[in-house]
Amino acid sequence: MTRTIYIFLFLSLLLSHPASFAQIGISGTPHSSAVLDLQSPTNNKAFYPPRLTSAQRQAIPNPQPGAFVYDSDKSTMYLYDGQNWLPLLTTDPNLLAPASRTAADGATNDQFGTSVAISGDYAIIGANGKTIGGKLSQGAAYIFVRSGNSWNQLQQLTANDGAASDLFGRSVAISGDYAIVGAHFKTINSSTSQGAAYVFLRSGNNWNLQQRLTANDGAPSDHFGWSVAISGDNAIIGAENKFVFGVSQGVAYVFTRSGITWTQQQRLTASDGTGGDYFGSCVAISGDYAIVGAPSKAISPNTNQGAAYMFVRGGGTWTQQQRFVANDGAANDHFGNAVAISGDYAIVGAANKTVNSNSAQGAAYVFARTGSTWNQQLLTANDGVANDDFGTSVSISGDYAVIGAASKTIGSNQYQGAAYVFKRSGSSWIRQQSVTDNSTSDTFNGSSVGLSNGTFIIGGPGFQNNRGKVAFGTVN
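Shown next as structure tokens:
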């Protein structure tokens, strides 16, 4: 009891007279690097930080970065990082919560995290429900930058011709100093919902609009900008509702950059396209390869089984190299609802796939290229259950892939959502970790995912009544 009183008195003096006590040592001389040094050389005594219930911890007014307490409900230490309380102790490193972030001006129905992408020290997050200047659902995107180990908001991006219901931010992508944002409901010259995409270029710490992209053959309800991807001087943009030969088959458009100008290079369609395929629902590009998803493609006799199409560039022309379908494909799998590519590997989501009799448990397929042939491997979650929607989103970078399961129930939280990291070992992809955080029901974590050099970002657009959030983390 006496030692406790002494510690309390010393702490009180330290806090009330910071200028009078440069250093304090208890039961010993303080280390030269310490302001306060608590030692217990002979009495085997412990230091006890504040012990609070979860409700008491969350009720602390205006906590400052570095604050820490012991949460008696969670049986673990919590550290405040400036935005969120993060658990410090766990018996399983895979259960460590990633660092969550929200938009500085976040509001209900923004849907921040609808889309995400990451490249090096920069990330971009779409919030297609954002109200801008009173214009409902005009939409916005946010650039975050990494400083040390912390990710912080750098800039909000909006369209200079933005209007209500554009849904700017429905899709985003980033590569080096370039970012692209889709606004698939944008009206172009009275052509409603034709859609547009906007390219931004980084100059120092500023991201500036470089060019608005539209399709040369744009028409009403094309939904150009439903999906976007960028790699170096090339971008690909999906228009999943574009009419081809009189039916809404869907199209993807490749743009190339020369100097400061982006020009439409080619329009891509499926060699076997039919109405209702929704070709262009998702797109990805890496070097001379591009992949386009068609999640409602009928693969006889299975309706909505889905497909994805790989294109390769040679001599400035893109040609279809291979149509991907799942070896175990079935009706309503919606294979091709998400795609990604990195080098010789591509990944395709089938979020509605039935696995072991579990409806909509979901799956993803990794395709490895040998020469001009792509061979597949099925990936599923070993804790998967019905309605997880594993494969909602996919991303791949080097030897790692991350897959979202946006509808997964965590504990008692329905639709909290999760993501899974897989690592390549030889020719096989092995699940390495699952990623959840301290969010609640209806967050839909994993609705979007991104991965770059071992750092991932996970979108949860349903968080706090669709205000939305993202989580940053690193692969183990």
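Note that the sequence shown covers residues -21 to -1, 1 to 455 in mature numbering (1 follows the signal peptide of the UniProt record, and there is no 0). Virtual Cβ for every residue (Gly too), placed ideally from N, Cα, C.
query	result
Please classify H10 as buried or exposed, where buried requires at least 16 neighbouring CB atoms within 10 angstroms.	exposed
So, is L136 buried or exposed, given that buried needs 16 or more other C-beta atoms within 10 angstroms?	buried
Hey, how far is the Cα of N354 from the Cα of S404?	16 Å
Please name the residue in A82, S182, S98 whose C-alpha comes closest to that of A120.	A82
At what residues does the beta strand (DSSP E) containing R236 begin and finish?	230 to 237
Give me the Cβ distance between Y288 and A339, rounded to the nearest whole Å; I'm assuming they're in contact under 8 Å.	With a Cβ gap of about 24 Å, Y288 and A339 do not count as contacting.
Which residue from A175, N187, N281, N131 puts its Cα closest to that of Q117?	A175
With a CB to CB cut of under 8 Å and the five nearest residues on each side skipped, what residues in its chain are close to N444?	T87, N88
Between the segment 251 to 260 and the segment 271 to 285, do at least 3 Cβ pairs fall closer than 8 Å?	yes
Kindly identify the DSSP beta-bridge partner or partners of P42.	BP columns for P42 are empty, so no partner.
Rounded to the nearest angstrom, what separates S372 and K114 at their Cα positions?	29 Å
Hey, could you find the ends of the beta strand (DSSP E) N184 is sitting in?	Counting along the chain, N184 falls outside any beta strand (DSSP E), and DSSP gives it neither H nor E.
Cutting at 6 Å between CB atoms, please list the residues of its own chain near Y27, excluding the five before and the five after it.	none
Could you tell me which residues DSSP pairs with residue 464 in its beta bridges?	This structure cannot settle anything about residue 464, because the visible part of the chain is limited to -21 through 455.
By Cβ distance, which residues of its chain are closer than 6 Å to G441, with the 5 residues on each side in sequence left out?	D421, T422, F423
Spatial neighbours of K221 within its chain, please: C-beta separation below 6 Å, excluding the five flanking residues on both sides.	D201, G229, V230
Quick check: the segment 92 to 102 against the segment 409 to 416, are at least 3 beta-carbon pairs closer than 8 Å?	no
Under the assumption that Q190 contacts W241 (Cβ atoms under 8 Å), give the Cβ distance between them as a whole number of angstroms.	5 Å
Pull up the CB-CB distance for A310 and S374, whole angstroms please, since I reckon it's below 8 Å.	Their Cβ separation, rounded to whole angstroms, is 27 Å, which puts A310 and S374 out of contact at 8 Å.
Hey, how far is the Cα of F258 from the Cα of D100?	32 Å
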